[in-house]
Amino acid sequence: MALLIWEELVAVALVGTQRQTWRPKPLDNQLGELLNRLDTADVEGNLLSIAGAIALYQQAGKLIPIDKQRSLKSCDVDDLPECSRLAGQHLGIMLAGEYSELLPEWLALAAESGKRVPSKYLPELLKLGLLKSSLREAILPVLGKRGYWLAAQNPEWSYVGSENTEKVWETGSLDARKIFLKKLRKEDPNAALSKLQESWKKERAEERASLLQVLETGLSMNDEPFLESALDDKRKQVRDIAANLLSKLPSRLCQRMKERVKLLLAFKNDRVEVTLPNDCTQEMIRDGIDQSKYSSALGEKASLLLQMLSFVPPSFWCNSWDATPQQIIQAVEGSEWEKMLLEGFATAAVKSEDIAWAEILLTVCDRFSQSSLANGGQLIENLLKLIPQNRANALILQTLLQWPNQPLNSQHPAFLLLVHSRRSWDVAVSDVVLSSIRGYIEANNQMQWGVRVAWKNFARYLHFSVLDEAVEGLTGVLVEGSSWRDFVDEFLGIMKFRFEFIQALGGEK
1 MALLIWEELV AVALVGTQRQ TWRPKPLDNQ LGELLNRLDT ADVEGNLLSI
51 AGAIALYQQA GKLIPIDKQR SLKSCDVDDL PECSRLAGQH LGIMLAGEYS
101 ELLPEWLALA AESGKRVPSK YLPELLKLGL LKSSLREAIL PVLGKRGYWL
151 AAQNPEWSYV GSENTEKVWE TGSLDARKIF LKKLRKEDPN AALSKLQESW
201 KKERAEERAS LLQVLETGLS MNDEPFLESA LDDKRKQVRD IAANLLSKLP
251 SRLCQRMKER VKLLLAFKND RVEVTLPNDC TQEMIRDGID QSKYSSALGE
301 KASLLLQMLS FVPPSFWCNS WDATPQQIIQ AVEGSEWEKM LLEGFATAAV
351 KSEDIAWAEI LLTVCDRFSQ SSLANGGQLI ENLLKLIPQN RANALILQTL
401 LQWPNQPLNS QHPAFLLLVH SRRSWDVAVS DVVLSSIRGY IEANNQMQWG
451 VRVAWKNFAR YLHFSVLDEA VEGLTGVLVE GSSWRDFVDE FLGIMKFRFE
501 FIQALGGEK
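Going by the UniProt record's numbering, the first residue of the sequence shown is number 1, and it counts up by one from there.
Written out as structure tokens, the structure reads:
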């Protein structure tokens, strides 16, 4: 009723009290008693008094607002001990942008030691994971329960998911579901495959592509039938991912590629003869051959052959031609198709995880480093990752010692191996690299920007035990006004910082 009186009052106020006489309807409540006591002789004053009385009445009649925000469940007790204060300080420095290239190693060491990050750094670390998806897998193990709790309060951090795995798979974000599926693939590959198969038809096209890629973890022939069926998916990205995964298995797809390519390559008189394919058939397209992947340096048909060759495990050629990897590499040397063949062999060696071929190909990686269709640097990096760390170190050391007097710049045969190495070097390699850098500076060689960038990166992989030698050796060769001083300070700064956080996280002494 008060609302009706208010609406009438507004109408009178708009028309004016001189043009319309108005009295409110009598009310049988406290508001009515108050209005009856007002002075009706003063028309304008009476109108304002009624308005004020109704406003106060409505305000007094409001209920206390109810806080509809959900109450937050308190965080569980953390299941991991927090890292040391010093290790936390190192993390804070990297999150602030200094030495940030070392963060992946810090996260890996913290996870290995069973530590979580200090709570005050959780927001910054979660934010960084949002910006850099490549760090997410390394971030999750060091969050602790408090990190998972905090991530659940912010939808932007949904990539973390929750510890309720079934709920993540059913309702989580795509990133969280990928992380869950990858974790399950590590624990039970077949269970993860079954989950993906069950939800496959309900997934959107872009989700199918992202989730299918997760099958690379724990990939086996049990996945082959499902991946073969995915070659008929409507979305090209899904088909490409399926073909790439099948190329890493002894699959029907690889067998079809062998049948095609064996007609195009022949081993005669210690040479590899090449016949280019005539065209690209629909069957080849279904199996992952992409006509748009074209290299002007090779031409259309050679580009097709390169793609086909990358699906054939290089051991197939050893068996077919009764030749060793070394003999086949020698047989393509000097051929007009040398670069194409080496790139194809290298790509196939990575896919089939052929360590013997990887080692041989790394000795001639300068001959395919500027690859036609692949990223040559990434190809070399993948070959190095494939072989055991001690054998990678032995290969690098052997190459360094073969050219002891050559400056360690882009012309050195070991330079490509060092630049694309992503694992710590042993003491022997570290000593030779450090000695080469010291000799280069001592000879007052001109600073090359590309060399400086590469050497700065080397500081991330040198063995921690050569730190004292590095400080003494590099500072000792600097002369007054040397243009190398800033570089040496930066180089040693990286080494010292890395050594400190390795010790703080309980690493090697």
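Idealized CB from N, CA, C, for every residue including glycine. Because the structure is a prediction, the values reported are computed rather than measured.
DSSP places Lys195 inside the alpha helix (DSSP H), whose first and last residues are 189-199.
Of all alpha-carbon atoms in Glu259, Arg208, Ala392, Asn244, the one lying nearest the alpha-carbon of Leu219 is that of Asn244. For Leu91 and Gln326, the gap between their C-alpha atoms comes out near 46 angstroms. When the five nearest sequence neighbours on each side are left out, the beta carbons in the same chain lying within less than 7 angstroms of the beta carbon of Trp157 are those of Leu126, Leu130, Ala151, in order along the chain. Take the alpha-carbon of Met257 and the one of Gln370: they are about 25 angstroms apart. Put simply, the segment 449-463 touches the segment 484-496. At least three CB pairs are less than 8 angstroms apart.
Contact between the segment 440-452 and the segment 473-488 is present: three or more C-beta pairs spanning the two stretches fall below 8 angstroms. Pairing Leu342 with Glu82, the inter-Cα distance amounts to about 49 angstroms. The DSSP-derived three-state label of Lys496 is helix.
Annotation: Leu227 is outside any beta strand (DSSP E); the continuous alpha helix (DSSP H) that includes it extends over 224-230. The beta carbon of Ser133 is closer than 8 angstroms to those of Tyr159, Asp175 in its chain, skipping five residues each way along the sequence. Counting other Cβ atoms within 10 Å of its Cβ, Trp425 reaches 16 or more and is therefore classed as buried. Straight across, the Cα-Cα distance linking Glu228 with Val427 is about 47 angstroms.
Distance between Val471 and Leu265, taken at the CA atoms: about 54 angstroms. Between Leu27 and Leu35, the C-beta gap is smaller than 8 angstroms, which places the two residues in contact. Every alpha helix (DSSP H) stretch that sits fully inside the segment 222-290 and reaches 4 residues is listed by chain position as 224-230, 236-246, 252-261, 282-286. DSSP assignment within the segment 384-459 yields the following whole alpha helix (DSSP H) runs of 4 residues or more, N-terminal first: 389-402, 415-419, 427-442, 449-458.
Taking all protein chains in view, the Cβ of Met221 is surrounded by fewer than 16 other Cβ atoms within 10 Å, so the residue is classified as exposed. Between the alpha carbons of Leu80 and Gln503 lies a gap of roughly 19 angstroms. In this structure, DSSP gives Arg116 an extended state, which the three-state scheme calls strand. In the DSSP assignment, Arg208 falls within the alpha helix (DSSP H) that extends over 205-213.
Scanning its chain for C-beta atoms nearer than 8 angstroms, with the 5 sequence neighbours on each side dropped, one finds around Phe180 the residues Gly161, Thr165, Val168, Trp169, Gly172, in chain order.
With 16 or more other Cβ atoms from the protein chains shown falling within 10 Å of its own Cβ, Asp287 counts as buried.
Note that the segment 313-327 touches the segment 343-363; at least 3 beta-carbon pairs, one per stretch, sit closer than 8 angstroms.
Counting C-beta atoms within 10 angstroms of its own C-beta, Thr324 has fewer than 16 neighbours from the protein chains shown and is therefore classed as exposed.
Along the segment 297-376, the alpha helix (DSSP H) occurs as fully enclosed runs of 4 or more residues at 300-309, 315-321, 325-332, 338-352, 355-362, listed in sequence order.
Sequence-distant Cβ neighbours of Gly144 in its own chain, meaning closer than 7 angstroms and more than five residues away, are Asp78, Asp79, Leu80, Arg116. Listed in chain order, the alpha helix (DSSP H) runs fully inside the segment 126-167 are 136-139, 144-152, counting runs of at least 4 residues.
Per the coordinates, the alpha-carbon of Trp321 lies some 25 angstroms from the alpha-carbon of Ile289. Glu224 and Leu249 do touch by the CB rule: their CB atoms are close to 6 angstroms apart, below 8 angstroms. Shown here for Leu401: same chain residues with a beta carbon closer than 8 angstroms to its own, the five before and five after excluded, namely Val432 in chain order.
Per the DSSP secondary-structure output, Glu82 pairs in a beta bridge with Arg116.
With a 10 Å radius around the Cβ and a threshold of 16 neighbouring Cβ atoms, Ser194 comes out exposed. Taking every protein chain shown into account, the CB of Ala96 has fewer than 16 other CB atoms within 10 angstroms, so this residue is exposed. The DSSP-derived three-state label of Glu381 is helix. Assignment of Leu184 by DSSP, reduced to helix, strand and coil, places it in the helix class.
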